[in-house]
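Trainee:
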Amino acid sequence: MPYGMPKDMGGDSPENDSWMERCVKKVTNQTDKEGKKYGKDRAIAICKSTFMKMKGNKSNAEMEIGFMFDWYKKT
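Using my numbering, the first residue of the sequence shown is number 299, and each one after it goes up by one.
Below is the structure:
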């Protein structure tokens, strides 16, 4: 699925599309503060904006999203 990624960050390449699909899947499995699951549109917005904030660096974007959802919290 094309996500309208910026051309200066690789555009809608297979690599970017694959990253977005994985990211969206992870985010839609999360719940917001009210206990509701994130919808696909909202997940796409979160993933895309984080990708752009990290200037196309997928590793940093993945880590940023992980911190948003406490994927790295110590138990």
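Where a beta carbon is used, it is the ideal one built from N, C-alpha and C, also for glycine.
As the structure is a prediction and not an experimental result, all values here were calculated from the model.
(1) Let me confirm a value: Lys351 is counted as buried when at least 16 other C-beta atoms fall within 10 Å, else exposed. Which label applies?
(2) Flag this pair as yes or no: are the beta carbons of Gly364 and Met307 separated by less than 7 Å?
(3) Quick one: grab the DSSP three-state call for Lys335.
(4) Out of curiosity, what's the CA-to-CA distance linking Val325 and Lys305?
(5) Here's a check: name, in chain order, each residue in its chain whose Cβ is nearer than 6 Å to the Cβ of Met318, leaving out the five neighbours to either side.
Mentor: Here's the rundown:
(1) Working through the sequence shown from its first residue, we reach residue 351 at position 53. Exposed, by the Cβ-count rule.
(2) The residue you call residue 364 lines up with position 66 of the sequence shown. The residue you call residue 307 lines up with position 9 of the sequence shown. No.
(3) Taking the first residue of the sequence shown as position 1, residue 335 is located at position 37. If DSSP states are grouped into helix, strand and coil, Lys335 belongs with the strands.
(4) By 1-based counting over the sequence shown, the position of residue 325 is 27. By 1-based counting over the sequence shown, the position of residue 305 is 7. Cα-Cα distance, rounded: 24 Å.
(5) Within the sequence shown, numbered from 1, the residue matching residue 318 stands at position 20. Closer than 6 Å at Cβ, skipping near neighbours: Tyr301 and Cys345.
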